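J.:
Residue numbers (this note's numbering): 131 to 825.
Following this line, the structure appears as structure tokens:
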């Protein structure tokens, strides 16, 4: 956890956000509006300064919070605003400057003329703090091993070879933008964003039957820009623009030494390609038009292109095998995908109580990447004699929607609708799928103290015929159906009740149910079911006290049929994921509003089970569980009109079990060099106190 106090940056941004200038004849930005409803001219600022303390090191707790290390940290927040009588304004807000989730936002301009903005924020994503590895150079593109390697099995790893390594990365974002108003009708906007990711992530590599978990480098940037111009008239509005995204990866590959004795000569190192550089560019337009006072139309259209032409790696690092391979047909993928998206919508108000609407959308991905035959080497050890070609998948989608809304009765609001989703695909097991859905939603208002909302839906997806892909070798099981292409029947329902029991007390109850039936799938996903229910209560206990309570439970079940013989199903897996969460919150004001107290408690629990049948005596896998208790307390006391003292306490207890990690040390599996991660578990206390002063 890095700690610093960049107060100079806050002051600099506050100064930059104040837009000023010298009057120039004929410059519209200098015109003074005597009757414009600008806010009263004022300059205000506030700053929070204090100290906090974290009781325990925990990468899991620090994930997305920045509080991963035991010890003190600085509490620094601030804001400043400026506005004059001519509509010029500026503002800056800084949050959590003392920890790794810091953010700064600034904006300035003149109302009705222009505005500019700046933003910066950081966010850490810690993946694990308990990994160990013998590899040297973790986080780089080349990783070697210490003396004593290669080895026959992981149990014979040299003493002292393992080293602890933290895995995770930090994302930093710089956001710039501006808006210009040209007269009453025209508006132009520009937005630029620069994202960086720096750190490490999990990866793995293998040599036939032996494998290693690896720490891959993360050093990536993404640059995005969007430029648009809009026109707003009496009957129509329209926008045209451009969007571009460029991704760059400083590490093209990860090369690692083979920790095990090579099975074939020369298989001493392996190489993996990392995410390649790529680009996406798109031109778009959208608009709305009032045909009649009761008839409105809108539409949008966009053309885009994705490209990827990064240089390819060598088929193998094994020099003996490389000498026997034919030349590659190209030095890069030359990937190109053209995208097309369009839609049109119509809405007609038959009366003030009855409205109908409809829409049509077309989306397409035209993959023009060349399909070439490539030499293939399996795990830098064996040459694959089967010709392998990359498959440039494409698809087209046509989406139709129609709905009607009725508001004719005080106690009833009704909506019904239909949707059809047609998709055509290339190089897939089925060419065409059509999915139709019918739904209805009804809201019953029972006087002023209760309402009931009910939604029902039914959908069916059919394909044009399912066959095994002839270009895949070895062929897939002809009885297997992919869940996104298979015939499916789906039913869903939801209900929500809101009740005002007595003045100051509101109650909400809800329930949701959905069922997916893949009745034509012999092998693959055959059934999916989801249920959730819960409620919330909010009560005002007098003028100074408010209490809230919430609870929710969700169950997700699925059944999957499998085959060990690539024919008919001979085993079944039953998956069940359960999550429960509930909590309570209390807010109290006292001492004539000078003191504000708050308390929140939340509990969450998840349970994941996989049971098997038809595979001998194996009953399934151990359950994976998580459990979390969170308590947050705070107190804010106003010392005087422009000064407050703030205090907070945060306690969190997290425990988990995961059979993927528990008991699997770096030497547990003979042919695997594992990280030996432990399922996260922690008790963390965080206290902070700060002084807020408003200028």
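Backbone N, C-alpha and C define an ideal beta-carbon position, used for all residues, glycine too. Predicted model only: the values in this text are computed from it and were never measured.
State the CB to CB distance for the pair residue 707 and residue 733, rounded to an integer number of angstroms; the pair is presumed to be in contact (CB under 8 Å).
T.: As a first step, residue 707 must be located in the chain shown, where it is residue number 577. As a first step, residue 733 must be located in the chain shown, where it is residue number 603. Incorrect: roughly 18 Å between the Cβ atoms, too far for contact.
J.: Which ranges would you report for the beta strand (DSSP E) in the region 761–823 if only whole runs of at least 3 residues count?
T.: 773–787
J.: Given 8 Å as the limit, is there contact between the region 293–300 and the region 816–825, that is, 3 or more CB pairs closer than that?
T.: no
J.: The alpha helix (DSSP H) with residue 189 in it runs from where to where?
T.: The residue given as residue 189 occupies position 59 in the chain shown. 189–192 is the extent of the alpha helix (DSSP H) around residue 189.
J.: Could you check where the alpha helix (DSSP H) with residue 457 kicks off and where it finishes?
T.: Numbered from 1 along the chain shown, position 327 holds the residue referred to as residue 457. From DSSP, residue 457 is part of no alpha helix (DSSP H); its letter is neither H nor E.
J.: Flag this pair as yes or no: are the beta carbons of residue 441 and residue 382 separated by less than 9 Å?
T.: Counted from its first residue, the chain shown places residue 441 at position 311. Counted from its first residue, the chain shown places residue 382 at position 252. Result yes, Cβ atoms of residue 441 and residue 382 sit closer than 9 Å.
J.: Run through DSSP, which three-state label would residue 709 get?
T.: On the chain shown, position 579 is the one that residue 709 refers to. Of the three classes helix, strand and coil, the one that applies to residue 709 here is strand, per DSSP.
J.: Whose C-beta lies closer than 7 Å to the C-beta of residue 328 among residues of the same chain, with five residues either side of it excluded?
T.: As a working mapping, residue 328 is identified with position 198 in the chain shown. Around residue 328: 299, 300, 348, 349.
J.: If you scan the region 652–708 from start to end, which runs of the alpha helix (DSSP H) of 4 or more residues do you find wholly inside it?
T.: none
J.: I'd like to check one pair, residue 208 with residue 178: are the Cβ atoms closer than 9 Å?
T.: Here residue 178 is taken as the residue at index 48 of the chain shown, counted from 1. Here residue 208 is taken as the residue at index 78 of the chain shown, counted from 1. Contact: yes.
J.: Tell me which same chain residues have a C-beta within less than 6 Å of the C-beta of residue 685, skipping the five on either side of it?
T.: Residue numbering aside, residue 685 sits at position 555 when the chain shown is read from its first letter. Once the five neighbours on either side are set aside, the close Cβ partners of residue 685 are 661, 708.
J.: Could you tell me which residues DSSP pairs with residue 177 in its beta bridges?
T.: Here residue 177 refers to the residue found at position 47 when the chain shown is read from its first residue. 208, 823.
J.: Taking the alpha-carbon positions, what's the residue 252 to residue 565 distance?
T.: Sequence index remark: in the chain shown, residue 252 carries index 122 (1-based). Sequence index remark: in the chain shown, residue 565 carries index 435 (1-based). About 42 Å.
J.: Which class does residue 452 belong to by DSSP, given the choice of helix, strand or coil?
T.: Mapped onto the chain shown, residue 452 falls at position 322. If DSSP states are grouped into helix, strand and coil, residue 452 belongs with the helices.
J.: Determine contact between the region 587–604 and the region 625–639, defined as no fewer than three beta-carbon pairs at a distance below 8 Å.
T.: Contact between the region 587–604 and the region 625–639 is absent, because fewer than three Cβ pairs lie under 8 Å.
J.: Under a three-way DSSP split, which group does residue 286 fall into?
T.: In the chain shown, the residue the question calls residue 286 occupies position 156. Helix, per DSSP.
J.: Can you tell which of 568, 469, 218 has its C-alpha closest to the C-alpha of residue 523?
T.: Looking up residue 523 in the chain shown gives position 393. Closest by alpha carbon: 469.
J.: Inspect the CB distances between the region 760–774 and the region 714–729 and report whether three or more fall short of 8 Å.
T.: yes
J.: Report the residue from 450, 444, 467 whose alpha carbon sits nearest the alpha carbon of residue 459.
T.: Sequence index remark: in the chain shown, residue 459 carries index 329 (1-based). That would be 444, whose Cα lies nearest to the Cα of residue 459.
J.: What whole-angstrom Cβ distance do residue 648 and residue 618 have, given they're in contact under 8 Å?
T.: Within the chain shown, the letter at position 518 stands for residue 648. Within the chain shown, the letter at position 488 stands for residue 618. Their Cβ separation, rounded to whole angstroms, is 6 Å, which keeps residue 648 and residue 618 in contact under 8 Å.
J.: What ranges does the beta strand (DSSP E) occupy inside the region 404–475, keeping only unbroken runs of at least 3 residues that lie completely in it?
T.: 408–422, 425–438
J.: Rounded to the nearest angstrom, what separates residue 788 and residue 753 at their Cα positions?
T.: Translated into the one-based positions of the chain shown, residue 788 becomes position 658. Translated into the one-based positions of the chain shown, residue 753 becomes position 623. So the alpha carbons of these two residues sit roughly 7 Å apart.
J.: Between 403, 678, 775, which lies nearest to residue 822 when the distance is taken from Cα to Cα?
T.: Taking the chain shown and counting its residues from 1, the one referred to as residue 822 is at position 692. Checking every option, the nearest Cα to that of residue 822 belongs to 775.
J.: Mind the definition here: the region 334–349 touches the region 791–809 only if three or more C-beta pairs lie below 8 Å; say whether that holds.
T.: yes
J.: Have a look at residue 741 and residue 692 and give me their C-alpha separation to the nearest angstrom.
T.: Here residue 741 refers to the residue found at position 611 of the chain shown. Here residue 692 refers to the residue found at position 562 of the chain shown. Residue 741 and residue 692: Cα-Cα distance of roughly 13 Å.
J.: State the beta-bridge partners of residue 716 as determined by DSSP.
T.: Counted from its first residue, the chain shown places residue 716 at position 586. Partner(s): 677, 729.
J.: Out of 588, 582, 658, point me to the one whose CA is closest to residue 640's CA.
T.: Working through the chain shown from its first residue, we reach residue 640 at position 510. Of 588, 582, 658, the residue nearest in Cα terms is 582.
J.: For residue 240, count neighbouring C-beta atoms within 10 Å of its own C-beta (all shown protein chains included) and say buried if the count is 16 or more, exposed if not.
T.: Residue numbering aside, residue 240 sits at position 110 when the chain shown is read from its first letter. Result: buried.
J.: Can you check which of these residues, 457, 504, 536, 451, is closest to residue 483 by C-alpha distance?
T.: Within the chain shown, residue 483 is the residue found at index 353, counting from 1. Nearest option by C-alpha distance: 536.
J.: What's the gap between the Cα of residue 321 and the Cα of residue 230?
T.: Taking the chain shown and counting its residues from 1, the one referred to as residue 321 is at position 191. Taking the chain shown and counting its residues from 1, the one referred to as residue 230 is at position 100. Cα to Cα, the separation comes out at about 25 Å.
J.: What do you reckon, are the CB atoms on residue 372 and residue 324 nearer than 9 Å?
T.: Residue numbering aside, residue 372 sits at position 242 when the chain shown is read from its first letter. Residue numbering aside, residue 324 sits at position 194 when the chain shown is read from its first letter. Result no, Cβ atoms of residue 372 and residue 324 do not sit closer than 9 Å.
J.: Under three-state DSSP, which class holds residue 304?
T.: For the purposes of this step, residue 304 is taken as residue 174 along the chain shown, with counting starting at 1. Strand.
J.: Please state whether the Cβ-Cβ distance between residue 796 and residue 284 is less than 9 Å.
T.: For the purposes of this step, residue 796 is taken as the residue at position 666 of the chain shown. For the purposes of this step, residue 284 is taken as the residue at position 154 of the chain shown. It is a contact, given that the beta carbons lie within the stated cut-off.
J.: May I ask you to report which of helix, strand or coil DSSP gives residue 511?
T.: Within the chain shown, numbered from 1, the residue matching residue 511 stands at position 381. Note: residue 511 maps to coil in three-state DSSP.
J.: To the nearest angstrom, how far is it from the Cα of residue 512 to the Cα of residue 389?
T.: As a first step, residue 512 must be located in the chain shown, where it is residue number 382. As a first step, residue 389 must be located in the chain shown, where it is residue number 259. Put simply, the backbone Cα of residue 512 is about 18 Å away from that of residue 389.
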